[in-house]
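Asks:
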Amino acid sequence: MRILVQSEPFDVGAETARFGKGHQNVGALVTFTGIVRNNDAGTMTAMQIEHYPGMTEKALTAIATEAQTRWELQDVLVIHRHGDLVPGEMIMMVATAARHRKAAFEAADFLMDYLKSRAPFWKREITSEGAEWVAAKDDDEEALKRW
Amino acid sequence: MRILVQSEPFDVGAETARFGKGHQNVGALVTFTGIVRNNDAGTMTAMQIEHYPGMTEKALTAIATEAQTRWELQDVLVIHRHGDLVPGEMIMMVATAARHRKAAFEAADFLMDYLKSRAPFWKREITSEGAEWVAAKDDDEEALKRW
Amino acid sequence: MQVLYFAWVRERIGLPKETVETTAVTVMDLVEELRQREERYALAFSDLSALRVALDQELSDFEASLEGVREVAFFPPMTGG
Amino acid sequence: MQVLYFAWVRERIGLPKETVETTAVTVMDLVEELRQREERYALAFSDLSALRVALDQELSDFEASLEGVREVAFFPPMTGG
Numbered sequence: 001m002r003i004l005v006q007s008e009p010f011d012v013g014a015e016t017a018r019f020g021k022g023h024q025n026v027g028a029l030v031t032f033t034g035i036v037r038n039n040d041a042g043t044m045t046a047m048q049i050e051h052y053p054g055m056t057e058k059a060l061t062a063i064a065t066e067a068q069t070r071w072e073l074q075d076v077l078v079i080h081r082h083g084d085l086v087p088g089e090m091i092m093m094v095a096t097a098a099r100h101r102k103a104a105f106e107a108a109d110f111l112m113d114y115l116k117s118r119a120p121f122w123k124r125e126i127t128s129e130g131a132e133w134v135a136a137k138d139d140d141e142e143a144l145k146r147w
Numbered sequence: 148m149r150i151l152v153q154s155e156p157f158d159v160g161a162e163t164a165r166f167g168k169g170h171q172n173v174g175a176l177v178t179f180t181g182i183v184r185n186n187d188a189g190t191m192t193a194m195q196i197e198h199y200p201g202m203t204e205k206a207l208t209a210i211a212t213e214a215q216t217r218w219e220l221q222d223v224l225v226i227h228r229h230g231d232l233v234p235g236e237m238i239m240m241v242a243t244a245a246r247h248r249k250a251a252f253e254a255a256d257f258l259m260d261y262l263k264s265r266a267p268f269w270k271r272e273i274t275s276e277g278a279e280w281v282a283a284k285d286d287d288e289e290a291l292k293r294w
Numbered sequence: 295m296q297v298l299y300f301a302w303v304r305e306r307i308g309l310p311k312e313t314v315e316t317t318a319v320t321v322m323d324l325v326e327e328l329r330q331r332e333e334r335y336a337l338a339f340s341d342l343s344a345l346r347v348a349l350d351q352e353l354s355d356f357e358a359s360l361e362g363v364r365e366v367a368f369f370p371p372m373t374g375g
Numbered sequence: 376m377q378v379l380y381f382a383w384v385r386e387r388i389g390l391p392k393e394t395v396e397t398t399a400v401t402v403m404d405l406v407e408e409l410r411q412r413e414e415r416y417a418l419a420f421s422d423l424s425a426l427r428v429a430l431d432q433e434l435s436d437f438e439a440s441l442e443g444v445r446e447v448a449f450f451p452p453m454t455g456g
């Protein structure tokens with residue numbers, strides 16, 4: 001298991017290559033990468049991500065451990081950035097390695113659902129009109145009931 | 148759209164990095180990578196992949212185009228190798244780029260289901276006891292009905 | 295007891311953390327104490343359905359006991375990923 | 376008409392492709408003609424439920440017409456991915 005919480009950019013290619021190496025008995029790797037999208041008006045100059053140092057690492061580790069309990073995974077990777085990002089930048093990634101495809105896909109989807117509503121990150125969009133905290137969606141909480 | 152059919156290894160890190168760059172309006176990237184697993188007895192020395200040159204490229208393009216019809220995707224990548232591979236080698240990958248997570252995940256899952264049963268590849272396992280063609284699973288055909 | 299605030303809770307209250315001397319038994323008791331303090335606290339805690347609480351860095355709820363707890367954090371629903 | 380064989384169909388018949396002169400109207404007619412040829416063809420085509428057919432590199436079925444078709448391929452269910 002590899003959990004990284006950092007303000008620096010990460011190299012999705014290098015991380016994927018690293019994650020894909022040296023596993024025994026792995027048949028399937030799934031990665032998900034989240035990218036900062038501009039708003040519909042295209043006026044976003046930055047996305048600020050606040051987090052709760054200490055709790056963040058614990059929460060991510062707990063979520064990854066839960067995924068390993070529910071699915072037979074050979075490995076899990078979670079990277080999440082905080083600080084100031086601009087549209088187009090990669091904000092986070094998860095990766096799962098499993099014997100079979102279904103487990104790798106489902107576990108990655110599960111990690112994303114939990115990361116969205118159970119890891120202490122808060123996004124704020126900075127636009128030419130001002131700054132606004134991103135509101136959590138009811139859907140996000142609903143999504144957890146799938147699992 | 149990028150479709151590659153090749154006997155040479157591919158660099159999953161470089162491909163992921165390349166795929167992740169320069170998209171407008173993309174919020175989510177999903178990659179799936181398939182790796183040759185050894186058999187349960189650990190006696191596999193190689194996996195040979197036969198394909199139907201000409202039809203393979205057409206079939207992969209058709210499957211990727213179908214994914215783009217069903218989901219709003221900014222980009223699709225499909226790489227599939229043929230020839231002789233050894234356990235641990237990467238056999239194929241797909242990647243999807245979309246505004247939203249759900250489309251990227253579903254489209255990648257769809258691509259894999261169709262690739263398994265609709266692209267003209269045939270696997271043969273070479274073990275110390277001999278060579279055996281991998282049989283298609285009923286499940287694989289069933290899986291297509293999900294979509 | 296350390297009390298931490300994040301995101302717009304931090305902004306409304308005007309500070310990221312403070313030490314609070316309290317005899318509150320539950321989180322709800324602590325919230326009531328804070329609400330009494332100043333308008334900015336009352337404002338930040340006006341709608342608890344829009345708030346989440348963590349005790350010693352574990353998600354919890356407003357009915358939970360504060361016994362043995364050293365760090366309480368208040369924040370809006372999380373928006374990671 | 377070019378006829379192609381893949382995987383164990385290729386192995387049973389003993390060649391990857393051949394040119395076949397035929398007046399077969401459907402794929403099924405062609406299969407019958409091939410079956411009559413030699414034991415190895417009869418064996419390869421003994422269980423059609425275990426076979427798939429592509430016409431000019433598009434998946435098709437055994438009832439399909441061969442009109443205008445230049446390339447027919449027979450193979451087992453695919454196992455890519």
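Residue numbers (my numbering), protein chains in the order written: chain A, 1 to 147; chain B, 148 to 294; chain C, 295 to 375; chain D, 376 to 456.
For each residue, glycine too, the CB sits at the ideal point set by N, CA and C.
1. Can you have a look at Ser117 (chain A) and say buried or exposed, based on whether 16 or more other CB atoms are within 10 angstroms of its CB?
2. Look at the alpha carbon of Arg304 (chain C) and the alpha carbon of Ile126 (chain A), and state the distance between them as a whole number of angstroms.
3. Give the DSSP-derived three-state secondary structure of Asp187 (chain B) in the structure shown.
4. Which residues of chain A have a Cβ atom closer than 8 Å to the Cβ of Gly172 (chain B), listed in chain order?
5. Using alpha carbons as the reference points, say which of B:Asp287, B:Ile182 and B:Gly169 lies closest to Val159 (chain B).
6. Measuring only the C-alpha atoms, how far is Arg2 (chain A) from Val76 (chain A)?
7. Out of C:Ile307, C:Ser343, C:Ala358 and C:Thr373, which has the shortest C-alpha to C-alpha gap to Leu328 (chain C)?
8. What are the residues of the segment 338-369 of chain C that lie near chain A, defined by any Cβ-Cβ distance shorter than 8 Å?
9. Using a Cβ-Cβ cut-off of less than 8 Å, list which residues of the segment 243-258 of chain B approach chain A; keep chain order.
10. By how many angstroms is the C-alpha of Glu219 (chain B) removed from the C-alpha of Arg99 (chain A)?
11. If we cut at 8 Å on Cβ distances, does Ala318 (chain C) have a partner in chain A?
12. What residue range is occupied by the uninterrupted alpha helix (DSSP H) comprising Thr16 (chain A)?
13. Let me know the beta strand (DSSP E) ranges lying completely inside the segment 212-269 of chain B, each 3 residues or longer, listed in chain order.
14. On the DSSP bridge list, what partners appear for Tyr299 (chain C)?
15. Going along chain C, which residues have a C-beta under 7 Å from Glu50 (chain A)?
16. Please report the distance separating the alpha-carbon of Ile238 (chain B) from that of Glu357 (chain C).
17. Please list, in chain order, the chain B residues whose beta carbon lies closer than 8 Å to that of Met453 (chain D).
18. Let me confirm a value: Thr394 (chain D) is counted as buried when at least 16 other C-beta atoms fall within 10 Å, else exposed. Which label applies?
19. Is Val395 (chain D) helix, strand or coil when you go by DSSP?
20. Pick from A:Ala62, A:Pro53 and A:Val30: whose alpha carbon is nearest that of Ala104 (chain A)?
21. When DSSP labels each residue in this structure, what does Thr320 (chain C) get in the three-state scheme?
22. Please list the partners that Lys205 (chain B) has in chain D, where partner means a Cβ-to-Cβ separation under 9 Å.
23. Beta strand (DSSP E) containing Glu279 (chain B): first to last residue?
24. For the beta strand (DSSP E) containing Ala175 (chain B), name the first residue and the last one.
25. State the beta-bridge partners of Glu272 (chain B) as determined by DSSP.
26. Verify the CB distance criterion: does Trp280 (chain B) have a CB-CB separation below 8 Å to chain D?
27. Just the chain C side, please: which residues come within less than 7 Å of Met92 (chain A) by C-beta, in chain order?
28. Okay, do the segment 438-454 of chain D and the segment 400-420 of chain D touch, 3+ Cβ pairs below 8 Å being the bar?
29. In chain C, what lies closer than 9 Å to Gly54 (chain A) by C-beta?
30. Spatial neighbours of Val225 (chain B) within its chain, please: CB distance less than 6 Å, with the 5 preceding and 5 following residues excluded, ordered by chain position.
31. Got a sec: is the Cβ-Cβ distance from Val12 (chain A) to anything in chain B below 8 Å?
32. Could you tell me the alpha carbon to alpha carbon distance between Asp40 (chain A) and Ser128 (chain A), rounded to whole angstroms?
33. Using only the alpha-carbon positions, how far apart do Asp355 (chain C) and Gly362 (chain C) sit?
34. For Glu132 (chain A), which residues in the same chain have their Cβ closer than 8 Å to its Cβ, ignoring the five residues on either side in sequence?
35. Run through chain D and tell me which residues come within less than 8 Å of Gly181 (chain B), C-beta to C-beta.
36. Since Ala175 (chain B) meets chain A, which of its residues come closer than 8 Å, beta carbon to beta carbon?
Replies: Taking the definition as stated:
1. Taking all protein chains in view, the Cβ of Ser117 (chain A) is crowded by 16 or more other Cβ atoms within 10 Å, so the residue is classified as buried.
2. Rounded to the nearest angstrom, the gap between the Cα atoms of Arg304 (chain C) and Ile126 (chain A) is 17 Å.
3. Coil, per DSSP.
4. In the sequence as presented, Gly is not what sits at residue 172 (chain B); that position holds Asn. Correct list: Arg37 and Asn38.
5. Comparing alpha-carbon positions, the option among B:Asp287, B:Ile182 and B:Gly169 lying closest to Val159 (chain B) turns out to be B:Ile182.
6. If you draw a straight line from the Cα of Arg2 (chain A) to the Cα of Val76 (chain A), it is about 6 Å long.
7. The residue among C:Ile307, C:Ser343, C:Ala358 and C:Thr373 with its C-alpha nearest the C-alpha of Leu328 (chain C) is C:Ile307.
8. Within the segment 338-369 of chain C, the residues whose Cβ lies closer than 8 Å to some Cβ of chain A are Ala348, Gln351, Glu352, Leu353, Ala367 and Phe369, listed in chain order.
9. If the cut-off is 8 Å between Cβ atoms, the segment 243-258 of chain B has Arg246, Arg248, Ala251, Phe252, Ala255 and Asp256 near chain A.
10. Near 30 Å, if we compare the C-alpha coordinates of Glu219 (chain B) and Arg99 (chain A).
11. Judged by the 8 Å Cβ criterion, Ala318 (chain C) is not in contact with chain A.
12. Where Thr16 (chain A) is concerned, the enclosing alpha helix (DSSP H) stretches over Val12 to Gly20.
13. Qualifying beta strand (DSSP E) stretches, in chain order: 220-228, 230-232 and 237-245.
14. Beta bridge pairing from DSSP links Tyr299 (chain C) with C:Phe368.
15. Using a Cβ-Cβ cut-off of 7 Å, Glu50 (chain A) is close to Phe300 and Ala301 of chain C, given in chain order.
16. One C-alpha to the other measures close to 53 Å.
17. Among the residues of chain B, those whose CB is under 8 Å from the CB of Met453 (chain D) are Lys263, Ser264, Arg265, Ala266, Pro267, Phe268, Trp269 and Ala283, following chain order.
18. Classification of Thr394 (chain D): exposed, given that the 10 Å Cβ count is below 16.
19. In the three-state scheme derived from DSSP, where H, G and I count as helix and E and B as strand, Val395 (chain D) is classed as coil.
20. The residue with the shortest Cα to Cα distance from Ala104 (chain A) is A:Val30.
21. Of the three classes helix, strand and coil, the one that applies to Thr320 (chain C) here is strand, per DSSP.
22. By Cβ distance, chain D contributes Gln432 and Glu433.
23. First-last of the beta strand (DSSP E) with Glu279 (chain B): Gly277 to Trp280.
24. Residues Ala175 to Ile182.
25. DSSP, once it has assigned bridges, lists B:Met194 and B:Glu279 as partnering Glu272 (chain B).
26. Yes, contact with chain D.
27. Within chain C, the C-beta atoms nearer than 7 Å to that of Met92 (chain A) come from Gly375, in chain order.
28. Because the criterion of three Cβ pairs below 8 Å is met, the segment 438-454 of chain D and the segment 400-420 of chain D touch.
29. Contact of Gly54 (chain A) with chain C by beta-carbon distance below 9 Å involves Gln351 and Glu365.
30. Cβ within range, chain order: Ile150, Leu207, Ala211 and Val241.
31. For Val12 (chain A), at least one C-beta of chain B is nearer than 8 Å to its own C-beta.
32. Near 13 Å, if we compare the C-alpha coordinates of Ser128 (chain A) and Asp40 (chain A).
33. Roughly 16 Å between the two C-alpha positions.
34. Excluding residues up to 5 positions away in sequence, Arg124 and Glu125 lie with their Cβ nearer than 8 Å to the Cβ of Glu132 (chain A) in the same chain.
35. Residues of chain D passing the Cβ test: Gly456.
36. For Ala175 (chain B), the chain A residues whose Cβ falls inside 8 Å of its Cβ are Phe32, Thr33, Gly34 and Ile35, in order along the chain.
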